[in-house]
Amino acid sequence: MSAANGEETSKRVRCVALLSGGLDSTLAVKLMKDMGVEVKALAIKTPFCDFDCGKGCGFRVKEVADSLGVDLKTVYLGEEYIEMLKSPKYGYGSGMNPCIDCRVMMYRVAREYMGECGADFIITGEVLNQRPMSQNMRALRIIEKESNLEGKVLRPLSAKQLKPTEAESRGLVKRDMLLGIKGRSRRVQMELAKQLGLDAPNAAGGCLLTDRQFARRIKDLLEHVHSPTLNDIELLKVGRHFRLSRDAKLVVGRNKDENEIIESLMQDGDIMLEPKDVKGPKALLRCSKDKMDERIVALAASIVCRYSDADGPCTIVISDNITVKEIKSEPITNEMLESYRI
Ligand code: SF4
């Protein structure tokens with residue numbers, strides 16, 4: 005079959021593309037396809053991407069892959085990602101985003117897939133200097149080195165700003181058909197999308213680790229729980245959070261949907277609280293087994309009482325999977341409430 009440069013080769017040139025569904029990676033795939041390169045798309049999910057959070061990003065990456073006419077494989081990085089997040093070798097960005105270590109993990113998955121599907125190289129939608137932590141020259145080099153992919157990652161949007169990769173040196177793609185975009189502006193990419201007849205997608209699903217409020221929550225979790233579970237992470241995504249003690253945390257729903265999610269995340273050892281005769285939130289109290297005591301439960305109840313429709317004291321129903329009891333509670337003062345908020 006023909007290679008991208010028109011020379012005859014024994015097999016069709018094939019690449020693995022890290023596809024997020026955003027504009028840059030979509031364009032990178034399109035450029036490769038237009039050069040005749042076969043593209044195998046790879047979407048990588050972590051517990052912190054907005055991928056399947058109801059905003060449709062998971063569907064969008066599938067839609068984008070379909071519209072580009074490329075196969076899509078999705079890989080989920082779960083517990084190993086949380087483990088990395090506790091102590092990333094290259095540190096965090098402005099939030100709790102360990103971008104360099106995160107990209108290393110993604111590149112490693114891409115390398116594995118490259119071997120599986122017999123691809124010649126990897127492409128990404130990365131643009132030099134677009135993102136401060138992971139897309140500067142030094143970071144790109146580190147990521148390639150750590151993932152054992154030096155020279156094997158082609159970034160079609162910025163290639164002319166970077167050293168030629170193996171794919172270019174071997175003539176698998178033509179360097180002069182690649183681009184030399186750099187910087188944070190998306191203007192060139194938007195124009196290109198128009199020229200290529202692509203529906204310019206919005207930025208891909210956000211990463212919760214860059215969100216300030218979420219970053220506070222994950223930091224608190226990592227400081228207090230040695231081995232957080234995926235359930236702990238899901239709980240971070242809903243409700244108001246309060247650190248009641250070294251070992252106890254309370255999550256209070258903000259609406260009916262959140263109340264349902266919180267209830268669904270309840271596990272052995274957790275306590276559920278809700279007001280009895282008035283409207284109000286459901287709240288989940290999570291505490292190390294031997295540290296749960298009446299003082300903590302009373303404090304949690306006073307917070308639930310504060311968020312209920314009661315004008316003053318109210319009855320709070322306290323239940324675990326075995327027992328149900330009721331206690332009378334006074335609403336906590338605003339000042340005290342704020343001192344516990346994460
Ligand atoms: S923003 Fe989030 S998903 Fe993107 S590289 Fe950084 S940590 Fe990874």
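Everything in the sequence shown is counted per my numbering, starting at 5 for the first residue and increasing by one. Cβ coordinates follow ideal geometry from the N, Cα and C atoms, glycine included.
- By the 16-neighbour rule on beta-carbons within 10 angstroms, R16 is exposed.
- Residue range E42 to K49 is occupied by the beta strand (DSSP E) that includes K44.
- Remark: the C-beta of N140 is outside contact range of the ligand SF4, defined as less than 7 Å to any heavy atom.
- Secondary structure of D180 (DSSP, three-state): helix.
- Pairing G243 with I336, the inter-Cα distance amounts to about 18 Å.
- Shortest gap from the CB of N133 to any heavy atom of the ligand SF4: 7 Å or more.
- Classified as buried, R290 has 16 or more neighbouring CB atoms from the shown chains inside 10 Å of its CB.
- In the displayed model, I126 falls within a strand according to three-state DSSP.
- Going by DSSP, S333 is part of the beta strand (DSSP E) stretching over V328 to S333.
- Around the CB of V328, fewer than 16 other CB atoms lie within 10 Å, so the residue is classed as exposed.
- Counting the other Cβ atoms within 10 Å of the Cβ of P51 gives 16 or more, which makes it buried.
- Straight across, the Cα-Cα distance linking T319 with A305 is about 9 Å.
- The DSSP-derived three-state label of T78 is strand.
- Under the DSSP definition of a beta bridge, S323 partners with M276 and V328.
- For V113, the three-state secondary structure derived from DSSP is helix.
- Contact check for K34 against L213 fails: the beta carbons are separated by 8 Å or more.
- R64 has its Cβ no nearer than 7 Å to any heavy atom of the ligand SF4.
- In this chain, the beta strand (DSSP E) harbouring A252 covers A252 to V256.
- Burial of K253 is indicated by the presence of at least 16 other C-beta atoms within 10 angstroms of its C-beta.
- Beta bridge pairing from DSSP links A287 with V256 and L277.
- By the CB criterion at 8 Å, V255 and I266 fall inside the cutoff.
- For P317 and I331, the gap between their C-alpha atoms comes out near 10 Å.
- Relative to the non-hydrogen atoms of the ligand SF4, the Cβ of L213 comes within a distance shorter than 7 Å of at least one.
- A distance criterion of 7 Å places the beta-carbon of T50 in contact range of the ligand SF4, judged by its closest non-hydrogen atom.
- Within the region 223 to 251, the beta strand (DSSP E) runs of at least 3 residues that lie entirely inside it are, in chain order, 244 to 247.
- The shortest CA-to-CA distance from L132 to any of C121, D124 and L144 is the one to L144.
- With respect to the 8 Å criterion, I185 and V157 are not classified as neighbours on the basis of their beta carbons.
- The beta carbon of Y117 sits closer than 6 Å to those of V20 and L46, all from its chain and outside the five residues before and after it, given in chain order.
- In summary, G25 is buried, with 16 or more beta-carbon neighbours lying within 10 Å of its beta-carbon over all protein chains present.
- Straight through space, the alpha carbons of S249 and S98 are spaced by roughly 27 Å.
- The ligand SF4 has no heavy atom closer than 7 Å to the beta-carbon of R159.
- Under the DSSP definition of a beta bridge, R18 partners with E42.
- When secondary structure is reduced to three states using DSSP, R221 falls in the helix class.
- Here the distance from the Cβ of N338 to the nearest heavy atom of the ligand SF4 is not below 7 Å.
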